[in-house]
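A.B. asks: Chains as they are written, first to last, in the working numbering: chain X, 18 to 130; chain W, 111 to 222. Built from N, CA and C at the ideal position, the CB exists for glycine as well. Note that the structure is predicted; figures quoted are calculated from it, not measured.
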Amino acid sequence: DSGVTQTPKHLITATGQRVTLRCSPRSGDLSVYWYQQSLDQGLQFLIQYYNGEERAKGNILERFSAQQFPDLHSELNLSSLELGDSALYFCASSVRPLHETQYFGPGTRLLVL
Amino acid sequence: QKEVEQDPGPLSVPEGAIVSLNCTYSNSAFQYFMWYRQYSRKGPELLMYTYSSGNKEDGRFTAQVDKSSKYISLFIRDSQPSDSATYLCAMSAGAAGNKLTFGGGTRVLVKP
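#1: Within a Cβ cutoff of 8 Å, which residues of the same chain sit near glutamate 125 of chain W, ignoring the five residues on either side of it in sequence?
#2: Could you please give the first and the last residue of the uninterrupted beta strand (DSSP E) stretch that includes leucine 60 of chain X?
#3: Buried or exposed: which applies to phenylalanine 86 of chain X, given that a residue is buried once 16 or more other Cβ atoms fall within 10 Å of its Cβ?
#4: Taking Cβ to Cβ, would you say alanine 104 of chain X is nearer than 8 Å to serine 91 of chain X?
#5: Would you please verify whether the beta carbon of leucine 131 of chain W is less than 8 Å from any beta carbon of chain X?
#6: Measure how close the beta-carbons of cysteine 199 of chain W and glutamine 148 of chain W come, nearest whole angstrom, since I'm counting them as under 8 Å.
#7: Check the C-beta distance from glycine 20 of chain X over to serine 44 of chain X and give it rounded, since I have them as a contact under 8 Å.
#8: Below 8 Å on C-beta distance, what does tyrosine 120 of chain X contact in chain W?
#9: For threonine 196 of chain W, collect the residues of the same chain with a Cβ closer than 6 Å to its Cβ; drop the 5 residues on either side in sequence, then sort them by chain order.
#10: Give the list of continuous beta strand (DSSP E) stretches no shorter than 3 residues that lie fully inside the segment 38 to 113 of chain X.
#11: Return the CA-CA distance between threonine 211 of chain W and alanine 31 of chain X, expressed in angstroms with no decimal places.
#12: Pick out whichever of W:Ser150, W:Tyr181, W:Ser136 and W:Pro118 has its Cα sitting closest to the Cα of arginine 126 of chain X.
#13: Among all the DSSP beta bridges, which residues are the ones paired with arginine 217 of chain W?
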């Protein structure tokens, strides 16, 4: 158990809908990262937050957005969902934004029908 | 061409054998190198973390980095069936937002 928690574990929804994925980092970690893992693209970095502020952006679509709250938990919002958004979404956390070790949560499996 | 290349496998070995995994990369800015293990339907688990070139050993695991060749390796000694998983290499330039770039993963099967 990495200490990173994610909810829900599974999510089934329809195209065009909007969902919110939640992540609680390990105790003491200030930085949160979101990743998408699909069969064809592998594990892709989406976005990073540190202590409430956006630090880095990767291959995140405009339909997706995220934020980190004062209690350090983070939410990833996915809107106007398409079939291709079906994937595993992982959250990871680390102590500092320059710290190279990230600990991953168990993921949220999203299925868009 | 992907920034990080990794043979997808599967790599099948008998129990007790040495598992040899590797990744090549193209971005010379990468300075931090990691290996993760991922069991089916689980999150990646950090195994090894190295900075710059050199070797690092931790129990049955040895990580090697050759920055001149842009090549990293992971060796697993005395492999066990519980080592059967997908192994992902990951790299970061460090300062630039600390984002990791992953290889596609190698599936390893250790047969009893």
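C.D. replies: So, from the listed chains and residues:
#1: In the second sequence, the residue the question calls residue 125 of chain W occupies position 15. Correct list, in chain order: Ser189, Gln190, Pro191, Val220, Lys221 and Pro222.
#2: Start at 1 with the first residue of the first sequence, and residue 60 of chain X comes out as number 43. That run of the beta strand (DSSP E) goes 59 to 67.
#3: Here residue 86 of chain X corresponds to residue number 69 of the first sequence, with the count starting at 1. Counting C-beta atoms within 10 angstroms of its own C-beta, phenylalanine 86 of chain X has fewer than 16 neighbours from the protein chains shown and is therefore classed as exposed.
#4: Along the first sequence, one-based indexing puts residue 104 of chain X at 87. Along the first sequence, one-based indexing puts residue 91 of chain X at 74. Cβ distance not < 8 Å, so alanine 104 of chain X and serine 91 of chain X don't count as in contact.
#5: Against the second sequence, residue 131 of chain W aligns to sequence position 21. No, its Cβ sits nowhere closer than 8 Å to a Cβ of chain X.
#6: Start at 1 with the first residue of the second sequence, and residue 199 of chain W comes out as number 89. Start at 1 with the first residue of the second sequence, and residue 148 of chain W comes out as number 38. Cysteine 199 of chain W to glutamine 148 of chain W, Cβ: 12 Å. No contact.
#7: The residue you call residue 20 of chain X lines up with position 3 of the first sequence. The residue you call residue 44 of chain X lines up with position 27 of the first sequence. Indeed, because the Cβ distance is near 7 Å, the residues count as touching under 8 Å.
#8: As a position in the first sequence, residue 120 of chain X is number 103, starting the count at 1. Those are Leu156, listed as they occur along chain W.
#9: Taking the second sequence and counting its residues from 1, one reaches residue 196 of chain W at position 86. The beta carbon of threonine 196 of chain W lies closer than 6 Å to those of Gln148, Gly215 and Arg217 in the same chain, with the five residues before and after it left out.
#10: If we require 3 residues or more, the beta strand (DSSP E) runs fully inside the segment 38 to 113 of chain X come out as 48 to 55, 59 to 67, 70 to 74, 81 to 85, 91 to 95 and 104 to 111.
#11: Here residue 211 of chain W refers to the residue found at position 101 when the second sequence is read from its first residue. Here residue 31 of chain X refers to the residue found at position 14 when the first sequence is read from its first residue. CA-to-CA, the gap between threonine 211 of chain W and alanine 31 of chain X works out to about 30 Å.
#12: As a first step, residue 126 of chain X must be located in the first sequence, where it is residue number 109. For arginine 126 of chain X, the closest alpha carbon among the candidates W:Ser150, W:Tyr181, W:Ser136 and W:Pro118 is that of W:Ser150.
#13: Taking the second sequence and counting its residues from 1, one reaches residue 217 of chain W at position 107. Paired residue(s): W:Thr196.
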